[in-house]
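Beneath this line is the structure, given in structure tokens, with notes to follow.
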Amino acid sequence: MLRGLLVCLLWLASLAEARQQQAEDQEAIAQRAVEAERRGDFATAVSAFKQLITSGADNPELRSNLGIAYFQLHDYEQAMRQFHLVLSKNAGSVPANLFSGLCLLKLQRPKDALPFLKNADRAQPGNPNILIAMAQADVAANHLTEASSLFERAAHLDGKDAEAWYGLGITDRALAEQGLKATGGAAQQNAQALMDKANAAIAKAVQLDPDSTSAHMLMGETFRIAERYDEAVQEYQSATQAKPNFAPAWAGLAVAYSASGNDEQALQAATRALALDPNDAPTNVLIGATFLRQSDYVKAKEYAHRALELQPDLSSVHVVLAKIDLKEDRPDKALPELKAAVKDDLDGSTYYLLATTLRRLGRESEAAAAMQKYKQLHAAHVGPAVGNSLLR
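Its first residue numbered 60, the sequence shown is counted upward by one per residue in this note's numbering.
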């Protein structure tokens, strides 16, 4: 009996030691993730957070951190997966609701973004960052009056927020320009008063931040989502002029040019962005997609494979590689690329490509299933998906 008790005690001591070692290992991994985020190495942060989850340290806070790291890598579909897991356990989570809304904004789905942003606002009223995100969604949905009100609330809550003042100025200016076209003295008088208010708000933003880079970036993205590409280009150009070595401004300019169909300018801006930040996977994808449209498959592959090395989970790069394979009459090679991409398909376009590829391979029953999925997603989709704006 004593011998059995001794064995039991030794086993318990061994188990406690193993748990202590596991806790120490997890703490070291968590520290590595935090340090990676601080220095902007979000790929390493993602890897560390995933390692923590695999080790058994799974919890909503960890999933939120993983989602934010994916967000910083521009992998918005993967980020959404993490935030949905958080919201399934805590529907009122402010970070999960806010970043779900921001992801959907990035994916050019402003109407879908608003419910999440409103949830975040209800849980944490008076947060200027949430109000600005809601205003972005309203501008993108062409609700300028609502956007102006939200920017104004944010500006008065934090009087030193240049983004809020600049957003207020830009939206009020757009409303004033609409009013100035109206006939009638009273309407034009009101519009002129609104224009004066808009100019004062923009002047305030410039006073707070003479470069206003972040404000130009905010409005550039907002106009791009709203498909007002000329205005988006102007804002991104202003950001590049204020900070010529700021890679995200050049990348944003490239996306705006690409979405407007100006491939030549898009390539120039994207090349400048990559010169400043060669490890930006989405910009490599954009250049690859541009060369694909120009039938330069050698260069398209070069940039697509570079993006794949940087961010293997990025669905848009798998779509580019699949399209290259299809152009070169290799549907069997395209198939695994499309299967890797469909998990993040939002509007059905990837499933459509998968269906047509399966049909070319004579796999009719699988093709029919993929086509059915395409029809479901296409019918439910609201607004264009970000990946396909680059792969038109």
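No residue lacks a Cβ here, since even glycine has one placed at the ideal position from N, Cα and C.
Please name the residue, chosen from H202, A182, G151, N186, that lies closest to P169 on a Cα-to-Cα basis. H202
With 16 as the cutoff for other CB atoms within 10 Å, does E294 come out buried or exposed? By the 10 Å Cβ count, E294 comes out buried.
If we define contact as Cβ-Cβ less than 7 angstroms, is L132 a contact residue for chain B? Reference to chain B is not applicable here, since this structure consists of a single protein chain.
Enumerated in chain order, which unbroken segments of the alpha helix (DSSP H) with a length of 4 residues or greater are wholly contained in the region 375-405? 390-400, all fully within the region 375-405.
Grab me the residues of A116's own chain with a C-beta within less than 7 angstroms of its C-beta, minus the 5 sequence neighbours each way, in chain order. For A116, the CB contacts under 7 angstroms within the same chain, skipping 5 residues up- and downstream, are Q85 in chain order.
Leaving out five residues on either side along the sequence, give the residues of the same chain with a beta carbon under 7 angstroms from the beta carbon of A223. Excluding five sequence positions before and after A223, the CB atoms of its chain that fall closer than 7 angstroms to its own CB belong to P187, I191, F210, A213, A214, D217, given in chain order.
Simplified DSSP state of A150, which is helix, strand or coil: coil
Out of A348, I346, N304, point me to the one whose CA is closest to D336's CA. N304
Separation of S114 from I88, as counted between CA atoms: Looking at the two C-alpha atoms, the distance is approximately 10 angstroms.
Could you check whether R181 and V145 sit closer than 7 angstroms to each other, using their CB atoms as the reference points? no
Candidates I112, G126, D134: which alpha carbon is nearest L369's? D134
Smallest Cα separation from A158: which of L166, A150, M139? This sequence places Phe at residue 158; Ala is not what is there. When each option's Cα is compared against that of F158, the closest is M139.
For A310, does the count of other Cβ atoms within 10 angstroms reach 16, so buried, or fall short, so exposed? buried
Determine the direct distance from the alpha carbon of N124 to that of V66, and round the result to whole angstroms. Bear in mind that a pLDDT of 46 at V66, under 50, signals an unreliable position, so the model cannot answer this.
So N156 packs on N178, CB below 8 angstroms; how close in whole Å? 4 angstroms
From this set, P119, I112, F142, which residue's C-alpha is nearest G463's C-alpha? Lying outside 60 to 451, the shown extent of the chain, residue 463 is not represented and no answer is given.
Could you check whether the region 221-236 touches the region 271-278, counting it as contact only if at least three pairs of C-beta atoms, one from each stretch, sit closer than 8 angstroms? yes
Continuous alpha helix (DSSP H) assignments of at least 4 residues falling wholly in the region 257-334: 272-284, 288-301, 306-318
Taking the CB atoms as reference points, tell me whether Q167 and T281 lie closer together than 7 angstroms. no
Should the region 283-292 be regarded as contacting the region 257-266, the criterion being three or more beta carbon pairs within less than 8 angstroms? no
Contact defined as beta carbons within less than 8 angstroms: I believe S207 pairs with D231. What is the distance between those atoms, to the nearest angstrom? 5 angstroms
How close, in whole Å, do the beta carbons of A308 and T299 come, if the pair is a contact with beta carbons under 8 angstroms? 5 angstroms
Quick one: residues in its chain with C-beta nearer than 6 angstroms to the C-beta of R419, no 5 flanking neighbours on either side, listed in chain order? P390
Give the straight-line distance between the Cα atoms of P341 and A233, rounded to the nearest whole angstrom. 31 angstroms
Please name the residue, chosen from A318, A399, I189, that lies closest to R283 on a Cα-to-Cα basis. A318
Does the beta-carbon distance from C397 to L413 come in below 7 angstroms? Rather than Cys, the amino acid found at residue 397 in this sequence is Leu. L397 is a Cβ neighbour of L413, given a cutoff of 7 angstroms.
Secondary structure at H133, three-state DSSP: helix, strand or coil? Per DSSP, reduced to three states, the secondary structure at H133 is coil, with no helix or strand assignment.
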